[in-house]
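Engineer: Chains as they are written, first to last, in our numbering: chain A, 1 to 444; chain B, 1001 to 1143.
Virtual Cβ for every residue (Gly too), placed ideally from N, Cα, C.
What you are looking at is a predicted structure, and each value in this text was computed from that prediction instead of being measured.
Take this structure, written in structure tokens, and hold onto it; I'll ask about it next.
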Amino acid sequence: MSTYWNDKNSPMNPVSAPDFLPTEQMRELQLYRLQGVVKHCYDNVEFFKNRLDERSIAPGDIKTLEDIAKLPFAVKTDLRDNYPFGLFAVPMNDIVRLHASSGTTGKPIVVAYTEEDMKVWVNVMVRSLASCGVSSEDILQNAYGYGLFTGGLGLHCGAEALGATVIPISGGNTNKQIMLMKDFGSTVISVTPSYFLHVVEVASEMGISIKDLPLRVGIFGAEPWTFEMRARIEEQAGIKAYDIYGLSEIIGPGVGVECSAQNGLHIFEDHFYPEIIDSDTGEVLPDGTEGELVLTTLTKQAIPMIRYRTRDITKIMTEKCKCGRTIRRIEKISTRSDDMMIIRGVNVFPSQIEAALLAIEGTLPHYMIYLTKEHDLDCLEVKVEINSAQFGDTVSAIEGLKSRIAESIKSVVGVSVKVTLVEPKTIERSQGKAKRVIDLRNNK
Amino acid sequence: MKIQQLSLFIENKPGHLISICSDLDKYGINILALSLADTTSFGILRLIVNDWEKAKTALEADGHVVNITEVVAIEVPNDPGGLVKVLDVMDASEINIEYMYAFAGNPELNTAALIFRFDKPDVAVEILRNAGISGVDPIDVFN
Chain A
1 MSTYWNDKNS
11 PMNPVSAPDF
21 LPTEQMRELQ
31 LYRLQGVVKH
41 CYDNVEFFKN
51 RLDERSIAPG
61 DIKTLEDIAK
71 LPFAVKTDLR
81 DNYPFGLFAV
91 PMNDIVRLHA
101 SSGTTGKPIV
111 VAYTEEDMKV
121 WVNVMVRSLA
131 SCGVSSEDIL
141 QNAYGYGLFT
151 GGLGLHCGAE
161 ALGATVIPIS
171 GGNTNKQIML
181 MKDFGSTVIS
191 VTPSYFLHVV
201 EVASEMGISI
211 KDLPLRVGIF
221 GAEPWTFEMR
231 ARIEEQAGIK
241 AYDIYGLSEI
251 IGPGVGVECS
261 AQNGLHIFED
271 HFYPEIIDSD
281 TGEVLPDGTE
291 GELVLTTLTK
301 QAIPMIRYRT
311 RDITKIMTEK
321 CKCGRTIRRI
331 EKISTRSDDM
341 MIIRGVNVFP
351 SQIEAALLAI
361 EGTLPHYMIY
371 LTKEHDLDCL
381 EVKVEINSAQ
391 FGDTVSAIEG
401 LKSRIAESIK
411 SVVGVSVKVT
421 LVEPKTIERS
431 QGKAKRVIDL
441 RNNK
Chain B
1001 MKIQQLSLFI
1011 ENKPGHLISI
1021 CSDLDKYGIN
1031 ILALSLADTT
1041 SFGILRLIVN
1051 DWEKAKTALE
1061 ADGHVVNITE
1071 VVAIEVPNDP
1081 GGLVKVLDVM
1091 DASEINIEYM
1101 YAFAGNPELN
1111 TAALIFRFDK
1121 PDVAVEILRN
1131 AGISGVDPID
1141 VFN
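Here it is as structure tokens:
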């Protein structure tokens, strides 16, 4: 059994076979499925039917894949407005699972799965794990939160179906994470990158180097993270860090994932059809151009999503991937248009600040961005923890470090920044999705 | 003549200095000399203690950023012009003093002790020895 799954990159692996489908066949399959899902929505979701009727579009108008551009977009507020069950396309009797977003702004977003949807989710999760080199011989410590959040159970079901040994530890409880990682010999961890950094740090305080443990692969997702952050994680923990992408509105984790090439995330486009659009005009952009990722669920039954705007900024990569997969890749997402900060009229993303900070040798990835107003002017302050390796013994050495960080950030974002160095472990560590920005501008 | 000095990064906020001093107290470490360089947002506390290794371990365990720097302890006559003699020697040799501060004096011998951070500590020690300037030995300091 092990050799069967270990041959994870082989087209002979029946579960991963669609990853290697010739492009023409994939397009044919996508069109067939797109026509099906549009009809399914039109027949069963009143909200969707009204939208098409308003535009005088009939499901039969979808004759080519390009015709998808005729269909209206769906956005997060559509889910919120139809809370809880307004967008269901099947009777409740057919629903086997409900998940919901944390709902930080009012009502949560509800997502649902039929038995068939669960099979699709498990399928894309198995393919995701195989793409990261995980096999049935692995012991996977799942540190994503279990519960309404799709991360925990999504990873769990996929890893179990793959035949790996799953440790359903969930998020938090850092000392226990480290103890089990050591005692059980976990070879894979699935976790948010920010929480993993915290685990590495606490382990080091306990005198345990993650490098010396059997851990070899990290499956990181649920928050944007930069290439620079990956370099730090791989170096500090001696593992391969792979990015997994997903969102509850589409299915949860397993929409896309990196492969051994670690160069872009393959989208499981037999189930999730990707488009890149211009965020302002809604116009579809050609492959290779940066814009907002829009996804259509081609097979989802419970809550199909037609042209869902993800708010994630990326592009579809055009070159063939070294790993041999033919399914298209998107560039690693490090920015969400939702995270964009407007500072003195300039658009700034937290990921740009992270990349600029980590470009300075010896800096730690523990930082917090503060936005304040001074005399009606936006002020950007970045608090960064200092470590002993960087700490020169003179004031000029520390001032030098501060100005190097400030210059690096300013050169990237184009806004001057106040850098404040703080003592170690004074910036709060995240147990799940990291909060990196504190905006105090509207509190006055 | 050469002594290990602890340097600590501290935020310029109430309560930060006392937490360091309490740690040292807890481990029975005595501060022999100190200097505090301050800026608006942070300070660097420089300490000469009786057991620097123990102090470093204790402070790092409590999450402080500690650096060890080699400094030079020199004994000068407690008279007008006592310091000038040392500075003259260093000036002639183009050794830069990054910072300095006073140490405890010895009333019996009418001497004062000074801590110097030179850009080239080893060269500085050589030059001082040749000029007949006596250093303060770690053993004398710590006992």
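Decide if residue 1024 of chain B is buried, meaning its Cβ has at least 16 other Cβ atoms within 10 Å, or exposed.
Structural biologist: It counts as buried.
Engineer: Below 7 angstroms CB to CB, which residues in the same chain sit around residue 171 of chain A once its five sequence neighbours on both sides are set aside?
Structural biologist: Result list for residue 171 of chain A: 143, 144, 145, 195, 431 and 432, in chain order.
Engineer: Quick check: the stretch 185–201 of chain A against the stretch 230–242 of chain A, are at least 3 beta-carbon pairs closer than 8 angstroms?
Structural biologist: Enough Cβ pairs lie closer than 8 angstroms, so yes.
Engineer: From residue 353 of chain A to residue 245 of chain A, what does the alpha carbon distance come to, in whole angstroms?
Structural biologist: Whole-angstrom Cα-Cα distance: 22 angstroms.
Engineer: Contact between the stretch 265–285 of chain A and the stretch 307–323 of chain A is defined here as three or more beta-carbon pairs at a separation below 8 angstroms; is this criterion met?
Structural biologist: Because the criterion of three Cβ pairs below 8 angstroms is met, the stretch 265–285 of chain A and the stretch 307–323 of chain A touch.
Engineer: Taking only beta carbons into account, state which residues of the stretch 1046–1074 of chain B come closer than 8 angstroms to chain A, listed in chain order.
Structural biologist: Flagged, chain order: 1046, 1060, 1063, 1064, 1065, 1066, 1067 and 1069.
Engineer: What does residue 388 of chain A reach in chain B if we use C-beta pairs closer than 8 angstroms?
Structural biologist: The answer, in chain order, is 1060, 1065, 1066 and 1067.
Engineer: Would you please verify whether the beta carbon of residue 394 of chain A is less than 7 angstroms from any beta carbon of chain B?
Structural biologist: Residue 394 of chain A counts as touching chain B.
Engineer: Could you name the residues of the stretch 1086–1100 of chain B whose beta carbon sits closer than 9 angstroms to any beta carbon of chain A, in the order they occur along the chain?
Structural biologist: Those would be 1098 and 1099, in chain order.
Engineer: Which residue marks the beginning of the alpha helix (DSSP H) containing residue 193 of chain A, and which one marks its end?
Structural biologist: Run containing residue 193 of chain A: 193–205, per the alpha helix (DSSP H) assignment.
Engineer: Helix, strand or coil for residue 1007 of chain B? Go by DSSP, reduced to three states.
Structural biologist: The answer is strand: DSSP assigns residue 1007 of chain B an E or B state.
Engineer: Looking only at its own chain, which residues have a Cβ that is under 6 angstroms from the Cβ of residue 1041 of chain B, when we skip the five neighbours before and after it?
Structural biologist: If we look at residue 1041 of chain B and ignore the five residues flanking it on each side, its Cβ neighbours are 1012.
Engineer: For residue 3 of chain A and chain B, any beta-carbon pair shorter than 7 angstroms?
Structural biologist: Residue placement at residue 3 of chain A cannot be trusted, given a pLDDT of 42 that sits under 50; what the coordinates show is reported in the next sentence. Residue 3 of chain A does not count as touching chain B.
Engineer: What do you get for residue 305 of chain A, buried or exposed, if any count of 16 or more other CB atoms within 10 angstroms of its CB means buried?
Structural biologist: Classification of residue 305 of chain A: buried, given that the 10 Å Cβ count is 16 or more.
Engineer: With DSSP run on the structure shown, which of helix, strand or coil describes residue 131 of chain A?
Structural biologist: In the structure shown, residue 131 of chain A sits in a helix (DSSP, three-state: H, G or I).
Engineer: Between the alpha carbons of residue 291 of chain A and residue 1027 of chain B, how many angstroms are there, rounded?
Structural biologist: Spanning the two alpha carbons is a distance of roughly 59 angstroms.
Engineer: Terminal residues of the continuous beta strand (DSSP E) containing residue 141 of chain A?
Structural biologist: Taken as a continuous stretch (DSSP letters only), the beta strand (DSSP E) holding residue 141 of chain A covers 139–142.
Engineer: Taking 7 angstroms as the threshold (beta carbon to beta carbon), is residue 11 of chain A in contact with chain B?
Structural biologist: Confidence in residue 11 of chain A is poor, its pLDDT being 45 and thus under 50, which makes the residue's placement too unreliable to answer from.
Engineer: Find out if the Cβ-Cβ distance for the pair residue 224 of chain A, residue 351 of chain A is shorter than 7 angstroms.
Structural biologist: Cβ distance < 7 angstroms, so residue 224 of chain A and residue 351 of chain A count as in contact.
Engineer: DSSP three-state label for residue 32 of chain A, please.
Structural biologist: Looking at residue 32 of chain A - three-state DSSP - the assignment turns out to be helix.
Engineer: My guess is that residue 337 of chain A and residue 109 of chain A are in contact by the Cβ rule of under 8 angstroms, so how many angstroms apart are they, rounded?
Structural biologist: Incorrect: roughly 18 angstroms between the Cβ atoms, too far for contact.
Engineer: Of the choices A/391, A/219, A/208 and A/428, whose alpha-carbon is the least far from that of residue 383 of chain A?
Structural biologist: Answer by Cα proximity: A/428.
Engineer: Do the stretch 154–161 of chain A and the stretch 123–133 of chain A meet, that is, are 3 or more Cβ pairs less than 8 angstroms apart?
Structural biologist: Yes, the stretch 154–161 of chain A touches the stretch 123–133 of chain A.
Engineer: With a cut-off of 8 angstroms on the beta carbons, I'd call residue 89 of chain A and residue 327 of chain A a contact; round off their distance for me.
Structural biologist: Contact doesn't hold; Cβ gap of about 26 angstroms is too wide.
Engineer: Checking the sheet assignment: what are the DSSP bridge partners for residue 379 of chain A?
Structural biologist: A/372.
Engineer: Beta carbon of residue 1055 of chain B, beta carbon of residue 1029 of chain B: below 7 angstroms?
Structural biologist: Yes, they are a contact pair.
Engineer: Just checking: is the beta-carbon of residue 1126 of chain B within a distance shorter than 7 angstroms of some beta-carbon in chain A?
Structural biologist: No, residue 1126 of chain B lies away from the interface with chain A (no Cβ there is under 7 angstroms from its Cβ).
Engineer: Comparing the C-beta of residue 444 of chain A with each C-beta of chain B, is any distance below 7 angstroms?
Structural biologist: Note that residue 444 of chain A scores a pLDDT of 42, beneath 50, so its modelled location is shaky; the value from the coordinates is reported in the next line. Judged by the 7 angstroms Cβ criterion, residue 444 of chain A is not in contact with chain B.
Engineer: If you pair each beta-carbon of the stretch 35–55 of chain A with each one of the stretch 82–100 of chain A, do three or more pairs fall below 8 angstroms?
Structural biologist: Yes, since at least three Cβ pairs between the stretch 35–55 of chain A and the stretch 82–100 of chain A fall closer than 8 angstroms, the two stretches touch.
Engineer: Find the residues of chain A that neighbour residue 1039 of chain B, judging by a C-beta separation of less than 9 angstroms, and give them in chain order.
Structural biologist: What residue 1039 of chain B touches in chain A: 395, 398 and 399.
Engineer: With 7 angstroms as the threshold, decide whether the Cβ of residue 362 of chain A is near any Cβ in chain B.
Structural biologist: Judged by the 7 angstroms Cβ criterion, residue 362 of chain A is not in contact with chain B.
Engineer: Could you tell me which residues DSSP puts in a beta bridge with residue 15 of chain A?
Structural biologist: DSSP, once it has assigned bridges, lists no residue as partnering residue 15 of chain A.
Engineer: Drop a sphere of 10 angstroms on the beta-carbon of residue 43 of chain A, count the other beta-carbons inside from all chains shown, and report buried for 16 or more, exposed for fewer.
Structural biologist: It counts as exposed.
Engineer: So, using beta-carbon positions, are residue 16 of chain A and residue 112 of chain A closer together than 7 angstroms?
Structural biologist: The answer is no: Cβ separation not under 7 angstroms.
Engineer: Give every residue of the same chain whose Cβ lies closer than 6 angstroms to the Cβ of residue 100 of chain A, excluding the five residues on either side of it in the sequence, and list them in chain order.
Structural biologist: Closer than 6 angstroms at Cβ, skipping near neighbours: 108, 110 and 148.
Engineer: Which chain A residues are close to residue 1009 of chain B, counting only those with a beta carbon under 8 angstroms from its beta carbon?
Structural biologist: Per Cβ cutoff of 8 angstroms: 386, 391, 398, 421 and 423.
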